[in-house]
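Here the sequence shown is numbered in the numbering used here, starting from 246 and rising by one per residue.
Taking it in order: structure first as structure tokens, then the write-up.
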Amino acid sequence: MALKLAVFGNPIAHSMSPLIHQHFAKLHGHEISYERLLVEGSFKEAADAFFSSGGLGCNITVPCKIEAYEFAHELTDRARIAKAVNTLKRIQSADGNERYIGDNTDGFGFYSDLLRLNAPLQQAKVLVIGAGGAARGILPSLLSKEAALSELTLVNRTVSKASQLLQGLDEVLLDRSEAKCRACTFDDLLPDDHYDVIINSTSLSVSKELPKIPDSIYTHAAFAYDLYYTKTGSTVFTDKASSLGVKACFDGLGMLVGQATLSYELWTGVRPDIGATLDYLRSELG
Ligand code: ATR
Numbered sequence: 246m247a248l249k250l251a252v253f254g255n256p257i258a259h260s261m262s263p264l265i266h267q268h269f270a271k272l273h274g275h276e277i278s279y280e281r282l283l284v285e286g287s288f289k290e291a292a293d294a295f296f297s298s299g300g301l302g303c304n305i306t307v308p309c310k311i312e313a314y315e316f317a318h319e320l321t322d323r324a325r326i327a328k329a330v331n332t333l334k335r336i337q338s339a340d341g342n343e344r345y346i347g348d349n350t351d352g353f354g355f356y357s358d359l360l361r362l363n364a365p366l367q368q369a370k371v372l373v374i375g376a377g378g379a380a381r382g383i384l385p386s387l388l389s390k391e392a393a394l395s396e397l398t399l400v401n402r403t404v405s406k407a408s409q410l411l412q413g414l415d416e417v418l419l420d421r422s423e424a425k426c427r428a429c430t431f432d433d434l435l436p437d438d439h440y441d442v443i444i445n446s447t448s449l450s451v452s453k454e455l456p457k458i459p460d461s462i463y464t465h466a467a468f469a470y471d472l473y474y475t476k477t478g479s480t481v482f483t484d485k486a487s488s489l490g491v492k493a494c495f496d497g498l499g500m501l502v503g504q505a506t507l508s509y510e511l512w513t514g515v516r517p518d519i520g521a522t523l524d525y526l527r528s529e530l531g
């Protein structure tokens with residue numbers, strides 16, 4: 246019987262997740278169904294209906310990740326740190342009751358994409374722009390011992406959000422590297438500041454706007470990544486970085502596929518390769 250899977254969110258019509266997971270299933274010879282489910286009322290009600298009709302697992306996107314976090318009976322460390330769940334799986338406990346495991350695969354998706362793209366992270370000075378939910382998802386991997394950054398600057402329009410985010414992570418991260426961290430506003434960024442890697446985690450690219458950072462910050466950087474993705478693989482942010490000489494500029498489609506590989510593994514026990522599905526998606530989008 247086909248594994249019953251879905252993605253919940255609002256809006257949801259644009260979600261690429263069905264395409265990605267169907268492609269994984271094709272590559273691995275699995276039979277799945279994967280629907281987009283629009284959540285207009287409570288996430289809990291929608292999820293209860295899905296699981297009681299045989300659902301095995303689901304992805305959760307904006308704005309339901311916090312409700313999914315509250316819905317889960319058990320959380321992975323990643324989900325606990327992110328305080329948000331993007332993947333649920335139904336399991337049966339020893340006493341025969343249904344239980345839901347909540348995971349957050351966004352950070353893994355991001356980090357595995359950076360590794361795939363050979364981002365120069367070791368001993369790097371990294372600028373992360375934006376301190377919302379997306380930044381919360383990616384910061385734990387950037388602050389891990391494995392990434393081994395030398396400095397991380399978190400710039401946000403509302404600096405208190407950036408400071409609170411860094412402070413909150415400091416309290417929960419177990420394998421925190423020695424990276425020096427600071428939170429600042431856009432006005433604190435100086436034209437002479439040097440960052441090897443710049444990452445845009447704001448929602449600005451959606452409306453084709455650029456973060457207010459000095460041009461010279463792009464000029465000094467070797468690698469630029471936008472968490473937003475487009476059909477063409479470039480965003481206003483990666484276009485700007487590229488025009489100012491950044492050699493390696495990428496949108497977030499690889500991160501999207503990366504987070505999906507780990508969700509798929511949670512449901513099926515098999516972790517698909519990012520590259521093969523990324524090529525397929527680009528051709529479908531094109
Ligand atoms: P959420 O915070 O709801 O999880 P997100 O997309 O992860 O959403 O984060 C939105 C980010 O984009 C925030 O860092 C936000 O800055 P504030 O915290 O100051 O709101 C940033 N952002 C959105 N619009 C912006 C703008 N016009 N200029 C600068 N930053 C902006």
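Note that the Cβ used here is the ideal one computed from N, Cα and C, for glycine as well.
- The beta carbons of V330 and A339 sit about 23 Å from each other, so the pair does not count as a contact at 8 Å.
- A Cβ-Cβ contact shorter than 8 Å links V481 with K453.
- Judged by DSSP secondary structure, K271 falls within the alpha helix (DSSP H) whose first and last residues are 262 to 273.
- Nearest C-alpha to Y440 among A364, D420, I336: A364.
- Comparing alpha-carbon positions, the option among R361, V502, K370, G503 lying closest to E423 turns out to be K370.
- Contact between A505 and S262 holds: their C-beta atoms lie close to 6 Å from each other, under 8 Å.
- Remark: the C-beta of S386 is outside contact range of ligand 1, defined as less than 7 Å to any heavy atom.
- When secondary structure is reduced to three states using DSSP, S446 falls in the coil class, being assigned neither helix nor strand.
- With a cut-off of 7 Å, the C-beta of E454 is classified as near ligand 1, since at least one heavy atom of the ligand falls inside that distance.
- Ranked by how close their Cα comes to the Cα of K406, the residues G378, D433, S389 have G378 in first place.
- Remark: C-beta atoms of A376 and L419 do not approach each other more closely than 8 Å.
- In this chain, the alpha helix (DSSP H) harbouring Y525 covers 519 to 530.
- Taking a cut-off of 8 Å for Cβ pairs, the segment 461 to 478 and the segment 493 to 507 touch, as three or more such pairs fall below it.
- The three-state secondary structure of V515, taken from DSSP, is coil.
- The shortest CA-to-CA distance from R527 to any of S487, Y474, T513 is the one to Y474.
- Within the segment 433 to 478, the complete alpha helix (DSSP H) runs of at least 4 residues fall at 460 to 465.
- DSSP, reduced to helix, strand and coil, places G341 outside both helices and strands of the structure shown, so it counts as coil.
- Going by C-alpha positions, L333 is about 27 Å away from L530.
- Using a cutoff of 7 Å, the CB of T403 counts as near ligand 1, since one of the ligand's heavy atoms is closer than that.
- The beta-carbon separation of Y279 and L250, rounded to 4 Å, stays under the 8 Å limit for a contact.
- As computed with DSSP, V481 is found in no beta bridge at all.
- Taking C-beta atoms as the reference points, L359 and T398 fail to come closer than 8 Å.
- Between ligand 1 and the CB of K425, the shortest heavy atom gap is not smaller than 7 Å.
- S448 sits away from A428, with the two beta carbons spaced by 8 Å or more.
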